[in-house]
Amino acid sequence: MLLYEKVRPYSLVGLERTYALYQSVLYIIRNQIPGDFVECGVWKGGSCMLIALTLLKEKISSRGIWLYDTFEGMTKPGDQDGEAEKKEWQEKSTGIDSSTWCYAGEDEVKQYVLSTGYPSDQFNFIKGKVEDTIPDSMPDQIALLRLDTDWYASTKHELIHLYPILQSGGVLIIDDYGAWKGARHATDEYFENKVLLQRIDWTGRMLVK
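Residue numbers for the sequence shown follow numbering that gives the first Met the number 0, so the first one is 0 and each next one is one higher.
Now the structure itself:
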């Protein structure tokens, strides 16, 4: 609970999903699953802060943590994401592909994340749409992959390029499976019912590869 209270101001993730993430980090360390920790869609960095603080608690400071985000708010939803999502984005748009929806600037997020005391050179801030930055910028191996970009196109792109380098025994967390039509459709389409997703709460799903 102490770690949850520390990161709560910087996260939109509820207690159940935060606890699942915490347990996933412990599982990865204690089972020596190789690879870095990756989050796509970070908002203010709360989940990555939890990862960093949990690693430090376990006396680990050698794992890379990757933060993929536009740092310009939510991107424009596509045709697969539904009319309600398009309408809400339009009301909050500030440009062709930026908005005030879940906005947090890169400098602000860096400040929060670095306050954990985790080595600064282990953080990798990748700015831009994931469709533009991946696969050009990504780790060699992933131990934990957390997807939270909501929309169909971004989620599908992340799965296509990042799931193959999630190591055996690694953890995949889909934050928005229950909340957003696009994320759910992309996940179902990619896996074609060949994996068993475990329910975390009303929206979060996870699996061990």
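Quick reminder that beta carbons are idealized off the backbone N, C-alpha and C, glycines included.
message: As an exercise, report each continuous alpha helix (DSSP H) stretch of at least 4 residues that is fully enclosed by the region 102-138, in chain order.
response: 105-113, 129-132
Residue nearest to isoleucine 64 in terms of C-alpha spacing, selected from Ile141, Ala182, Arg198: Of Ile141, Ala182, Arg198, the residue nearest in Cα terms is Ile141.
- request: Go ahead and label serine 10 buried or exposed: buried means 16 or more other beta carbons lie within 10 angstroms of its beta carbon, across all protein chains shown.
  value: buried
message: Going by the DSSP bridge assignment, what does tryptophan 65 pair with across the sheet?
response: Val37, Asn123
task: Answer yes or no: do leucine 146 and aspartate 174 have a C-beta to C-beta separation smaller than 8 Å?
output: yes
message: Buried or exposed, going by whether 16 or more other CB atoms sit within 10 Å of the CB of aspartate 289?
response: Here the chain comprises residues numbered 0 to 208, so residue 289 is not present and cannot be evaluated.
Distance between glycine 116 and arginine 198 (C-alpha atoms, nearest Å): Roughly 32 Å separates the two Cα atoms.
Endpoints, beta strand (DSSP E) assigned at alanine 142: First-last of the beta strand (DSSP E) with alanine 142: 141-146.
query: Whose C-alpha, out of Lys180, Gly203, Asp35, is nearest the C-alpha of aspartate 80?
result: The alpha carbon of aspartate 80 has as its nearest neighbour, out of Lys180, Gly203, Asp35, the alpha carbon of Lys180.
- prompt: For the alpha helix (DSSP H) that contains isoleucine 159, what are its first and last residues?
  reply: 151-161
query: First and last residue of the beta strand (DSSP E) that includes glutamine 166?
result: From DSSP, the beta strand (DSSP E) with glutamine 166 extends over 165-173.
field: Of the listed residues Cys47, Tyr3, Asn192, His160, nearest to aspartate 139 (C-alpha basis)
entry: His160
field: Closest Cα partner of aspartate 200 within the set Val12, Gln121, Val6
entry: If we check each option's Cα against that of aspartate 200, Val12 comes out closest.
message: Which residue marks the beginning of the beta strand (DSSP E) containing arginine 204, and which one marks its end?
response: 204-207
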